[in-house]
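So the structure is just underneath, and the comments pick up after that.
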Amino acid sequence: MKNIILDTDPGVDDALAILLALNSPEIKLEAVTTVAGNVNHSKGHLNAKKLLEFMGEKDIPVCRGAENPLIGEISHAEEFHGKTGLGNAVLPEPSMRTHPLNAVEMILNKADDLGKKLTLVAIGPQTNIASAILADPSLPKKVGGLVIMGGAFNLTPYGFGNANPVAEFNIWHDPEAAKIVFNSGIELTCAGLDTTTHPEYRMSKGMFEEIKAH
222 MKNIILDTDP
232 GVDDALAILL
242 ALNSPEIKLE
252 AVTTVAGNVN
262 HSKGHLNAKK
272 LLEFMGEKDI
282 PVCRGAENPL
292 IGEISHAEEF
302 HGKTGLGNAV
312 LPEPSMRTHP
322 LNAVEMILNK
332 ADDLGKKLTL
342 VAIGPQTNIA
352 SAILADPSLP
362 KKVGGLVIMG
372 GAFNLTPYGF
382 GNANPVAEFN
392 IWHDPEAAKI
402 VFNSGIELTC
412 AGLDTTTHPE
422 YRMSKGMFEE
432 IKAH
């Protein structure tokens, strides 16, 4: 079983990822940390709590994270995710409280407690992960690794973006944070647009078996 912290900006796609994590017996979801990205932070944070409570998982900590990129102006993708951030779906208002630790504090505490057993999974901009590395530069060596949904790889010689012609949204939203993460030395696995968006890059049965083995 893998112990994970899911860092997320829900968002329709991230909502599905949360549901998958909750229904995956090989995963123990230690915490959900939220970050601004697909929608503004307050909306995304509320969506995370709504989803967990709707699924009967009120005991999983939900922690507030970064409301803005490290540098520059914030931009969202609400035209893709609807007014609620969940494709205009309406879930009941949650009763669960936000955890008193913020995202960086939760990441660092769990890294100290679990060490290499902890995998960070970041499916939004890298702001929270970069902030945690800035707060504790030894973090990359403490944890088992980081899996991100981000980047545009192997599509054309120049990439193929969804935020602009060459940039994928999660990296484009906070490139300074992404640079900190990529240069940190953390064991990194990236699932880019070639595996998440473009059906012409179909995954073979062998690729699925390799993913399952890890």
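FYI, the numbering for the sequence shown is 222 to 435, going by this note's numbering. We treat Cβ as the ideally placed atom computed from N, Cα and C, and that holds for glycine.
Following the DSSP letters along the chain, one finds N330 inside the alpha helix (DSSP H) bounded by residues A324 to L335. Counting only residues of its own chain and dropping the five nearest sequence neighbours on each side, T254 has a CB closer than 7 Å to the CB of I226, D228, C284, G286, A324, M327, I328 and N349. Cβ neighbours of L273 within its own chain (closer than 6 Å, five residues either side excluded): I281.
Counting along the chain, I354 sits inside the alpha helix (DSSP H) bounded by residues T348 to A356. With three or more CB-CB distances shorter than 8 Å, the segment 340–354 counts as touching the segment 365–374. Closest by C-alpha distance to D333, out of I239, K433 and D357, is D357.
I226: member of the beta strand (DSSP E) spanning K223 to T229, first to last residue. For I401, the enclosing alpha helix (DSSP H) stretches over residues P396 to F403. Taking the CA atoms as reference points, A412 sits about 13 Å from F390.
For M428, the enclosing alpha helix (DSSP H) begins and ends at K426 to A434.
Taking the CA atoms as reference points, W393 sits about 9 Å from A399. For P315, the CB contacts under 7 Å within the same chain, skipping 5 residues up- and downstream, are K270, K271 and E274 in chain order. When the beta-carbon positions are compared, G265 and P231 come within less than 8 Å of each other.
Under the three-state reduction of DSSP, L241 is assigned to helix. Spanning the alpha carbons of D395 and N404 requires a straight line of approximately 15 Å.
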